[in-house]
Structures are given as C-alpha cells and as structure tokens.
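FYI, the numbering for the sequence shown is 9 to 1171, going by the numbering used here. For each residue, glycine too, the CB sits at the ideal point set by N, CA and C. From a predicted model like this one, the values you see are computed outputs, not experimental measurements. Structure, as structure tokens:
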Amino acid sequence: MLRWIRQQLGFDPPHQSETRTVYVANRFPQHGHYIPQRFADNRIISSKYTIWNFVPKNLFEQFRRIANFYFLIIFLVQLMIDTPTSPVTSGLPLFFVITVTAIKQGYEDWLRHKADNEVNGAPVFVVRSGSLVQTRSKNIRVGDIVRVAKDETFPADLVLLSSDRADGTCHITTASLDGETNLKTHYSVAETAVCQSVSQLEALQAVVECQQPEADLYRFVGRITVTQHGEEIVRPLGPENLLLRGARLKNTKEIFGVAVYTGMESKMALNYKCKSQKRSAVEKSMNTFLIIYLGILLFEAILSTILKYAWQAEDKWDEPFYNQKTEQERNSSPILKFISDFLAFLVLYNFIIPISLYVTVEMQKFLGSFFIGWDLDLYHEESDQKAQVNTSDLNEELGQVEYVFTDKTGTLTENEMQFRECSINGTKYREVNGKLVPEGMTDNSPDGSAPHLIGEELLFLKAVSLCHTVQISYDQPDCLVGGGDPFSHANGFSSNHMEYYASSPDEKALVEAAKRIGVAFTGSSGDTMEIETFGKSEKYKLLHVLEFDADRRRMSVILQTPSGGKVLFTKGAESAILPFSTSGEIEKTRLHVDEFALKGLRTLVVACRHFSPEEYIDVDRRLNSARTALQQREERLQEAFSYIERDLQLLGATGVEDKLQEKVQETIEALRLAGIKVWVLTGDKHETAVSVSLSCGHFHRTMNILELLQQRSDNECAEQLRRLARRIKDDHVIQHGLVVDGASLSLALREHEKLFMEVCKNCSAVLCCRMAPLQKAKVVRLLKTSPEKPITLAVGDGANDVSMIQEAHVGIGIMGKEGRQAVRNSDYAIARFKFLAKLLLVHGHFYYIRIATLVQYFFYKNVCFITPQFLYQFFCLFSQQTLYDSVYLTLYNICFTSLPILVYSLFEQLVHPHILQNKPGLYRDISKNSLLSFRTFLYWTLLGFCHAFVFFFGSYILMGEDTTLMGNGQMFGNWTFGTLVFTVMVITVTLKLALETHFWTWMNHFVTWGSIAFYFIFSLFYGGIIWPFLHTQDMYFVFVQLLSSGSAWFAIIIIVITCLFPDVVKKVFYRHLQPTNTQKSQSLSAPQAQALSCVESLCCYQHGQSGCSRLAHFLEQMTGQCQASANNCHVSSHSNRSWSDTENLYSNDRSILTLSPIEATHC
C-alpha cells in the first residue's frame, strides 16, 4: 500500500530500467541475490470513482459549477446572520440538485464497475506446477504461460510460444484494436514452437527481454533466450511475435503464450484515455453569464449598502422616533454592521441567480434525450438497433459541431469486399452467375455447362488463385489437425465448406471470385499449394514469397508448376506493375484501371514472368544471398526484388469494391454543406484509405491531393509542410485534400504544430492513415486546443477509437461488428454512419435553439423579478423590506414561470425537421454558439431591465399618487403595490415566451395560459383564507381587493401592452426587412407544416410511417390530434423541392439527402 501511494505521488516510479526481463513460467534464477521486478496486475479499470473517493470527488466536481458554489455560500450566509429570507429557500433546492446529480453519476459509474468485473473475472487457463489451472483473468501475472483456445480473446499481451500447428503459427483478428477484421498471421520462434504440451512447456527454460510498455500497437522490440542442453540460443522478437490483449484467436485450435504486459500496462489499456467529465459550450456560456450576473448582484448589494449609510447620515433617518435603536445596536462595530447589511442585501437580491435554472436544464436534457431513442429515422431494422443516449449533458453540443473525426473501417465501410470487374488481355469482363462475361455480352450459355476459357483467361485466374497469403478454415476445424493429409477434403469434404481468411480483404475477395468462376484455391501444406481448375486438381510448389512493402507496392510468389517450369506471379498497384511490364495489352489495361478507379473500385494489376532453368538458378542465388546477409539486409533484398520483378508479362487488372455503408456519400456531402469539416482517421494503409476516401466523397476527383508521407526527420517534415503551405497559397482557388501517415504526423506534432494546423485548416478534407489509437486522440486534442477552439465530434466503432471518442467534445459509437467498447465509452451510439446527418442537422439544431432560449429567458425573467425589488429599496430607506411576499419569492421560479419554458425547451421547432435535413446550410445559422453570443445575451438582459422599470414605475405612476382606488375609499398598502407589480410581471414574462414560441402544441397552450390562471387561483386561495400554520399573513384579502379595482385591471393591461408591443413591432420589422435564412425557410415550410399535426412533426419518419412511437401515442391520446385522416401524416414528395433557385444560400444545395417522402398513412 505504501509503495502504491509513493508511486501515485511520483516518488517511486514502477519501472526503473528501460527494459524488462520476464522469466517464462516465473522460473527465476536460483543463484545469487536476484530481486524480481514488480509488474502491474492484470486488472482493467475504466471506472471513475471508488467507494472511498466518490463523495469528495463528486462534490468537488459539482461545486466547480458556479451556481452550486454560489448557492452554498448564500446558504452559509443565511445560517450565520439574520437575513430577510429563510435558509431553507437556498439550502433545500441545493441539496436536491446535488443529490440527484450524485445518484445519476454514481449509477453510471456502477455500470462501469460492473463491466470491469465481468472482464476481470473471466476464466482463463494458465500453466502452473506442471498442470493446466483455471483461474480468473485478474490473477494472471507477468511470466505466466497462458493457454488461449480458438475464438477466445487474449487476456494480456502475450509472446507466442507455440500453437497446435507444427510451424508454430497462429491467426488472429485485431478488429477491436485497429478496426481491421482481416486475418493476421503471428509466429513463434522455432525453439519454443515444438513445446506443444504442458509438460514440455513446464520444462522450458527461457527468458524474454523487451522494452517497457508503450502505447504503439505496431511496435515491439525484444529477444528471447532459450536454454537447451546448457547452450543459450538468442532469437529476436518483433510485433509478429506479440499477441495483443483484445485481439481474437482465429483458425487455430489453441496457443500457448507468456504474459509480458498485463492489466493497465497492456497496449490496449495504454491506448485508453481517462474518462473525464465533458461540459458543453452552452454550460460554459451559462457560467460566464452567471459571473456577469454575480457582478450585477454584487454591484446592487454594494450600492444599496452605501446608499443606506448615505441616507442614514442624517439623524432623523438614522434613528427615527418610531424605530429607536437598542443599546447593543448603538455599540456594535460599524464595519461588522456594514458587512451584515451587505450580506443581507446579497440574500435579498440573490434570486437574480436562480438554482432552478440548473434543475430545469437538467430536466430538459434528460427528458429531451428520449427523442433520440424514439426517432424511427435513427432505428436500424436489419440489426434491430435504435439510437442510444449514454449521456444527456451534451445534447445541445450536437448543434455546434465544426469538425467530425471519423474512423474508416466499419464506420464508413461495411468492411466487405466484393469483386466487380476485371480486365484480361485488354478485354473487360464482369462476373455473371459465376461466369466471366466479356463487356457488352450476356450470359447465354446453358446452365451446367463448363465455361470455355482461353489460355490468357485461365492463366490470369491461376495467378489470382496462387499469388496471395490466404489461409483456409474448414467447417470441421479439426480436419487439418493430427497428421492426416492436408488435402483430404477432396475425399471427405466439399470445397464449398471452406472459408478463406486473409490479411487483406482484397485478396480474400479475389480468391473467392476465382473460386466461383471455377479456379479454386483449396489449401496449402508446407511449401505446396493446391488449386482445382474446373474440378481438376493441380499442385504447385511454393519456392519464394516476395512480401508486400509500401515502397514497392506489390507482392509476388515464385512457383514450380506441375510440369516443372518456374513462374513468377505478381500483383500490386498499377504504378508498381505497368512500368515493369514489357508485353501484354499495357495501354488498354491502363485505361481500364482508370475506369475502375473512377467507379470507386480498388484496383490491382496482375502480371507474370516465366523463368528458364538458368534464370531461376540466378534468382534463387540472389534471394538466398540477400536473405542471409547480416549487413544491409533490407537494401540487398530491395535490389534482388527489383532484379526479379522486371520484364513482366501483363495479364490483366481487377476491380474490387469495398462496400460503403448506405448513404455515406450523401451524409458527408450534407455535413460539408452544413459547414462541418470531415477528417478521416484510420489505421489502414495509405492506398486503401485514399481509395475509400475517393469512393465515399470525402475526397473529390477534382480535388488537389497533398501528401505528407514517410517523413523520417524533423527537418524533412518541416520542409515538406512549408512546400505544402506554399502550394495551397499559390493554388488558393482549387480545393485541397491532405493525406498524412502516422509516422509523419508524430514528427509534425512534435515540433511543427502551428505549421501543420495552418496546412490542415486550408484543406477541405484531411485523411490520416496508419494511425495508432492515441495518435487519433492527439489529432482531436490538437484541433480542440487550437486558438479558435472549435467543437469536435469523433465517430468510430472499435476499441481503437475509444481514446478519440473520449477526447472529442462529443463521442459517437457505431454499433458495428467490432464489439461494444466504442458504444460503451461514447456519449451517443447509432447503428449506421448515415444517421449522423439527422442527429446533427435536426436533433442538434433543435436541442441548441431550445436550450439557448431557455438559458437567456431564465436570466431575463429573473432580472424582471429582482430589479423591482432593488428599485423598491429607494422608496423604503434601504431597510431591506421585501417588495413581494415570501411565498411569491419562493414560487416564482418553481411554479408560476417554470412549466412554460420547460415545455418550450422540449417541443420548440423553429423550422420543420424535413427542411432542416434537406437544407444543411441552415446549420450554419446556429454555428459558433451564435444564439448565446454576448450581443444576444446583452439584448435579453437589457430587455429584462427595461421591462422591470416599466413594471415598477408603471405601477407607481398609475397608483403611487392616488392610492384611494377602492370604491369605498380604502387605501392600498405596500403589499398591494408589490402584488400589482408581481401580477404584471408573471403575465408579461409568460406572454413574452409565447411570442418566442414558433411551434404550438396543446401542451404549450395548456402551460402558458394555465400558469397565468394558476397564479390567479393560487393567490385568491392564499390570500382569501386564514391559514393556521402560517405565523403571519400579510397577504390576507390583498389580492381580492386588488382584483376588485377597475383601475388595477386597467394598469395591468396598459403595462403588459407597453412591455410587449415594441417586441412585436421589432419582430415584424426585422422579419420583413432583414429576414434570416431560418426565417425564410419558416415561411416556405408553412404550407408543409399545416399538413402535419404537431405531434407528427416530432416523429414523422421514413418508410411511410407516421411515427406513432410510445411518446406520440401517448400525446395523441391526450391531444386528440392524430385523426384518421390520411392527410395528417402526408407531406408531398414535391414539397421538399419548393425552394427558389434564386436564393443565394441554397444555390448549390439541392435536396442533398435522398429522403423517403412521408407517405399518407393512418396513425
């Protein structure tokens, strides 16, 4: 425990050295004084609180809110001194807000604890004391030998020791780590690969030395020393030997590995960010406004205190005959008396900052978040998944997004490759019913007949079937285990029962296409590869594999054919194959490749070279010499590859489609028109990422693509960035797109952040490839902390996206095929990328305008509330006499004015949802927090002061000079005057909100007119009855007498009209002379809105459904608005196109999203 505390304080770092030594099976050396290193246990912790720190940590976070802290201070002041109001008025609401928020956050963290316990308690098998022992995942220690079976995830970062295969290899998928669902092959060293039983592993004497934990998924440097017969054998270890926590074992029965990194030191955990409390821009604006109002409050309190003492400088006012001071008051300290009076004024005016604002905002966010889950447009029928809200604190942030950072694999694409077309010997072919059909011809051959393929076509298909690194899994997984014939499926199993796995989805798609056409790859064993050509088996001997690398951009295999000849098959990018081709239809193929690329297909070119026996001997010698070189091995291999891969015979090209998710292109275009910049951050290769960016519309064909790739030094990177900046400046008319890889990004972020940001901001689209998960988060942080401080949104579907999702202002998880880590750590979860458009353009727009009006209206109505109280002090010698009764003080924000603004903030719609979605440009109107700008805030505040002055002085002028307004000559008192001001105020602030409301439901009518009615009814009951539990009843019969006066009614009507008439004139004037884009769209959408009931417009959805969700059903039953008429739910399909071509805002903005029109249906 003491050591842990020292580590937390930074006095005792856990890793003293740069490397760690791991003894396999924890077989420590017996000689000497060996002190074992201490390592982290295997527990994963994603929770935020513990039982011990929940109360202090949660209270600290809550009291960071200015309003909470302010009301705590006011509550303490009320406890300490005699104030005009009771401490309960501040203490009770504060306690309620703090408790509710703590329960909500505690419950969310309990769910995280529950998820952690499931992971940490998962059963695993480890080798201990010569046998296989089952234990819990959290009990794994560094050095333990762990057994993992097929389809299980690795519980820690393991160095592979052996597998059930003789060569010690295994296949894994890393979908939850880097988003790639392809199969990857990992290797063990030859000395440990033979240890396939527990007894052999127990006898193994080996030591692993490796670097200390780091977050980079693609980097691992180490070595293993195996002791055999007293001799030490040292082998290097790299990323291909390390099995990462979170990856899944595939196509391999079982493996054994030694744990080297555990728990929070595993690479997956190091790529997680600590979950911090996200706060929206609106909340930050609220805090700024609260500080300003705090300033107003302090100014009013100080001014009142100073004027009180200035007034009391005259003896007749300091101690009038009717209010003699006590001896104690005469002898009290003037300073303490001044402070006491100041605090009393502070409490008197404290209602200018209402805690009910936070309660209302919390309720609005919580209730409003249900609309996302109920929206059938965000429901995905195939997977039966609806949108999910994990935190309601950020609803309005959806309307402020300026940058979207998205993962590629599984987010923009389905990660499913499909073979579309190919070019063979200058002729284009497509696949029809499992046959290759030349372009322009139809498939007329009778079913069952073997297709006739000429020599070039057959050679092309054989090249596709043999030039790859594909592995095969059979339906019966044990059919290859145990020493049987690896090709025994030819006798026992149909080749249709096998499934291909590949490190590249392109390879898998091509091999599967060749199989459908008739040339099937049926397996490999050792150095033998077998294919079946229309049922006839052929075996090829694999002589050499020339691996793919980013510089050559191609891979090749050298094979011995069944007839004994030697042939090289190669495939790669057209720029890597065509320049080295000397025969074949080169120009025609080049044209076909360009055509495929324009269709958004991923292209590969296939070629071959036949070797004479003499040529092959030379090739074999060069390759072996390069591969066994100890010095400059990579350079020598490149030379050998270049020598071999030349004089090629071009066979053809392939076009494969990476299936994009539905409506991705339309969604990205809509976001772009809304003023949102889209960045794609992916772990994929550069070529793949660019190809998908082009096909999904992220990059346009006309865009100038700039590259920052494979930079190896700071100077080189800086020079390239300067070149790009100059290029952008010179070609400022053209749109630019930037492609940057992970290695170059690290250099750019290290020393040249400003230069890099300058280049990025001038690009319309940015693509970052080969990104590690933490690099994604760094890019997001870079944009977040830039001087403009834009609002960022990150969207992804895998565990590799979690850090990015947590770093962005808003994190969105896609419910994809890669586990639920992204969804669990996100703020919102949707089933498909296309739903992002409606989430931002409609829901985000509505949430923002609602809460922006809510916040400013709250400040306005409280200025109206407290300013008359301040003005009244000038007429009562600053004696701290309240203008309003204490019950009115308490109920003003709780009952009389609370419900209209809550209902407004739940249902208000400035523009119809379909208009918002079809016209993304309207999103720009609310960008950069425009509705909560200082100018707008100042307008509402000054309006509040103006209305308050009219309430007070209007009542004073009409009643102050002649108080004998009763028929019997009875005079009005101060409570009657205060009640008149309060009555006018309640009516005016309620009607002011009615003027702001564009979208009226029966609920708005009910709470607007109901609030005014409730105030009158309550006041009549409160003042008309003697209540036995009240100590004083100043308001007895006051309200009844006020309402019995015709002059009072006249005063109420005149003052309300005086306040609101200028507002009406201003609105009409601006709407007709300077209409905003939103106001234009309101007038254009009016005919459509009439065709929809108010409930329907909340939830009118796709597929011809009227949207009668649970909420809609409930509301419709109450409102009676959902009639059986078909017209109620109908919007003409032509109405979406009723926009004028002459409107400048929408000139390039023609119905971007292909929405299904809402058909006429019955509810």
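Check your understanding: Hey, Gln372 and Asn937 are a contact pair by Cβ (cut 8 Å); roughly how many whole angstroms apart?
Key -> In the sequence shown, the residue the question calls residue 372 occupies position 364. In the sequence shown, the residue the question calls residue 937 occupies position 929. Gln372 to Asn937, Cβ: 18 Å. No contact.
Point to revise | DSSP-derived helix/strand/coil call for Met779 | key: Mapped onto the sequence shown, residue 779 falls at position 771. If DSSP states are grouped into helix, strand and coil, Met779 belongs with coil.
Exercise for review: Starting from the C-beta of Ser25, find all residues in its chain whose C-beta is less than 6 Å away, skip the five residues before and the five after it, and write them out in chain order.
Suggested key: The sequence position of residue 25 within the sequence shown is 17, counting from 1. So the list is empty, once near-sequence residues are dropped.
Point to revise | Backbone CA spacing between Glu715 and Asp415 [nearest angstrom] | key: Counting from 1 along the sequence shown, the entry for residue 715 is found at position 707. Counting from 1 along the sequence shown, the entry for residue 415 is found at position 407. C-alpha separation (whole angstroms): 19 Å.
Exercise for review: Please list, in chain order, all residues of the same chain as Phe350 whose beta carbon is under 7 Å from its beta carbon, the five residues on each side excluded.
Suggested key: Counting from one through the sequence shown, the residue named residue 350 turns up at place 342. Result list for Phe350: Ala309, Ile310 and Thr313, in chain order.
Review point. What are the boundary residues of the alpha helix (DSSP H) that includes His618?
Key: The residue you call residue 618 lines up with position 610 of the sequence shown. No alpha helix (DSSP H) holds His618; the beta strand (DSSP E) holding it covers Arg610 to Phe619.
Exercise for review: Out of Ser887, Phe883, Asp893 and Ser545, state which residue places its alpha-carbon closest to the alpha-carbon of Phe873.
Suggested key: Along the sequence shown, read from residue 1 onward, the residue named residue 873 stands at position 865. Measuring from the Cα of Phe873, the nearest candidate turns out to be Asp893.
Check your understanding: Is it buried or exposed for Met449, if we count other Cβ within 10 angstroms and need 16 for buried?
Key -> Walking along the sequence shown from the start, residue 449 turns up at place 441. So Met449 ends up on the exposed side.
Check your understanding: Using DSSP with H/G/I as helix, E/B as strand and the rest coil, what is Arg598?
Key -> Within the sequence shown, numbered from 1, the residue matching residue 598 stands at position 590. Of the three classes helix, strand and coil, the one that applies to Arg598 here is helix, per DSSP.
Review point. Among residues of its own chain, excluding the 5 on either side of Lys158, which ones have a beta-carbon nearer than 8 Å to its beta-carbon?
Key: Within the sequence shown, the letter at position 150 stands for residue 158. Once the five neighbours on either side are set aside, the close Cβ partners of Lys158 are Leu257, Lys258, Asn259, Thr260, Lys261, Glu262 and Pro485.
Point to revise | Asp835 versus Ser913, Ala75, Ser400 and Val156, residue with shortest Cα-Cα distance | key: Here residue 835 refers to the residue found at position 827 of the sequence shown. That would be Ser400, whose Cα lies nearest to the Cα of Asp835.
**Study point:** Cut-off 7 Å between Cβ atoms - residues of its own chain near Ala584, not counting five sequence neighbours on either side
**Key:** Working through the sequence shown from its first residue, we reach residue 584 at position 576. Closer than 7 Å at Cβ, skipping near neighbours: Arg560, Arg561 and Arg562.
Review point. Does DSSP put Ala1134 in a helix, a strand or coil?
Key: The residue you call residue 1134 lines up with position 1126 of the sequence shown. Below a pLDDT of 50, predicted positions are generally treated as unreliable, and Ala1134, at 37, falls in that range; no measurement from the model is reported.
Check your understanding: What separation, rounded to the nearest whole angstrom, lies between the Cα atoms of Phe1069 and Ile299?
Key -> Start at 1 with the first residue of the sequence shown, and residue 1069 comes out as number 1061. Start at 1 with the first residue of the sequence shown, and residue 299 comes out as number 291. Approximately 31 Å between the Cα atoms of the pair.
Exercise for review: Inspect the CB distances between the stretch 144 to 157 and the stretch 29 to 39 and report whether three or more fall short of 8 Å.
Suggested key: yes
**Study point:** First and last residue of the uninterrupted alpha helix (DSSP H) at Asn358
**Key:** Position 350 of the sequence shown, counted from the start, is the residue given in the question as residue 358. Premise fails: Asn358 is in no alpha helix (DSSP H) and is neither H nor E.
Review point. Excluding the five sequence neighbours on either side, which residues of its own chain have a C-beta within less than 8 Å of the C-beta of Phe707, listed in chain order?
Key: Along the sequence shown, read from residue 1 onward, the residue named residue 707 stands at position 699. Hits under 8 Å: Val698, Ser701, Ile713, Gly745, Ala773 and Leu775.
Point to revise | Supposed contact pair Ala751 and Gln718 - C-beta distance, whole angstroms, cut 8 Å | key: For this step, residue 718 is matched to residue 710 along the sequence shown. For this step, residue 751 is matched to residue 743 along the sequence shown. Confirmed, Cβ separation roughly 7 Å.
Review point. How about Ser431 and Ala661: are their beta carbons less than 9 Å apart?
Key: Your numbering for residue 431 matches position 423 in the sequence shown. Your numbering for residue 661 matches position 653 in the sequence shown. Against a cut-off of 9 Å, the Cβ pair of Ala661 and Ser431 comes out as a contact.
Exercise for review: Taking Pro244 as part of the alpha helix (DSSP H), name the residues at either end of that continuous run.
Suggested key: Residue 244 sits at position 236 when you count from the first residue of the sequence shown. Element bounds for Pro244: not the alpha helix (DSSP H) but the beta strand (DSSP E), Glu239 to Leu245.
Point to revise | Separation of Ser794 from Phe413, as counted between CA atoms | key: Counted from its first residue, the sequence shown places residue 413 at position 405. Counted from its first residue, the sequence shown places residue 794 at position 786. Their backbone Cα atoms lie some 16 Å apart in a straight line.
**Study point:** Inter-residue spacing [alpha-carbon to alpha-carbon] between Leu84 and Ile106
**Key:** The sequence position of residue 84 within the sequence shown is 76, counting from 1. The sequence position of residue 106 within the sequence shown is 98, counting from 1. Going from the Cα of Leu84 to the Cα of Ile106 covers about 16 Å.
Check your understanding: Roughly how far, in whole angstroms, is the beta-carbon of Leu474 from the beta-carbon of Met537, given that I think they are within contact range, below 8 Å?
Key -> Here residue 474 corresponds to residue number 466 of the sequence shown, with the count starting at 1. Here residue 537 corresponds to residue number 529 of the sequence shown, with the count starting at 1. Yes, Leu474 and Met537 are in contact; Cβ-Cβ is about 6 Å, under 8 Å.
Check your understanding: What first and last residue would you give for the alpha helix (DSSP H) that runs through Tyr226?
Key -> Taking the sequence shown and counting its residues from 1, one reaches residue 226 at position 218. Run containing Tyr226: none; DSSP gives neither H nor E here.
Check your understanding: Hey, Ala816 and Val788 are a contact pair by Cβ (cut 8 Å); roughly how many whole angstroms apart?
Key -> Against the sequence shown, residue 816 aligns to sequence position 808. Against the sequence shown, residue 788 aligns to sequence position 780. Contact flag correct, Cβ pair sits at about 5 Å.
Practice item. Would you kindly report the start and end of the unbroken beta strand (DSSP E) that includes Thr182? Key: Position 174 of the sequence shown, counted from the start, is the residue given in the question as residue 182. That run of the beta strand (DSSP E) goes Cys178 to Thr182.
Practice item. May I ask you to verify whether the stretch 953 to 964 touches the stretch 1050 to 1063, counting CB pairs closer than 8 Å and requiring at least 3? Key: yes
Point to revise | Best match in Gln1049, Gln783 and Gln877 for proximity to Tyr226 [C-alpha to C-alpha] | key: In the sequence shown, counting from the first residue as 1, residue 226 sits at position 218. Selected option, being the one with the closest Cα: Gln783.
Check your understanding: Of the residues Ser184, Lys927, Leu918 and His955, which one's Cα is nearest the Cα of Leu681?
Key -> Counted from its first residue, the sequence shown places residue 681 at position 673. Nearest Cα to Leu681 within the set Ser184, Lys927, Leu918 and His955: Lys927.
Exercise for review: Quick one: grab the DSSP three-state call for Lys547.
Suggested key: Working through the sequence shown from its first residue, we reach residue 547 at position 539. In this structure, Lys547 counts as strand in the three-state DSSP scheme.
Review point. In or out: Ser1133 buried (at least 16 other Cβ within 10 Å) or exposed?
Key: The residue you call residue 1133 lines up with position 1125 of the sequence shown. Bear in mind that a pLDDT of 37 at Ser1133, under 50, signals an unreliable position, so the number given afterwards is only what the model happens to contain. Exposed: under 16 other Cβ atoms inside 10 Å.
Point to revise | Outcome for Arg28 when other beta-carbon atoms lying within 10 angstroms are tallied against a minimum of 16 | key: Translated into the one-based positions of the sequence shown, residue 28 becomes position 20. Counting Cβ neighbours within 10 Å, Arg28 comes out buried, since at least 16 surround it.
Exercise for review: May I ask you to report which of helix, strand or coil DSSP gives Thr1169?
Suggested key: Indexing the sequence shown from 1 puts residue 1169 at position 1161. Any reading at Thr1169 must be qualified, since the residue scores a pLDDT of 34, below 50, and its modelled position is unreliable; the value itself is stated next. Three-state DSSP puts Thr1169 in coil, outside helix and strand.
Review point. How do the stretch 853 to 873 and the stretch 902 to 916 stand: do at least 3 beta-carbon pairs fall below 8 Å, yes or no?
Key: yes
Check your understanding: In three-state terms, what does DSSP make of Glu273?
Key -> In the sequence shown, counting from the first residue as 1, residue 273 sits at position 265. Here Glu273 sits in helix by DSSP.
Point to revise | Beta-carbon proximity list for Ala229, same chain, < 6 Å, skipping 5 on both sides | key: Position 221 of the sequence shown holds residue 229. A small fix is needed here, since residue 229 is Val in this sequence, not Ala. Taken in chain order, the residues that qualify are Gln219.
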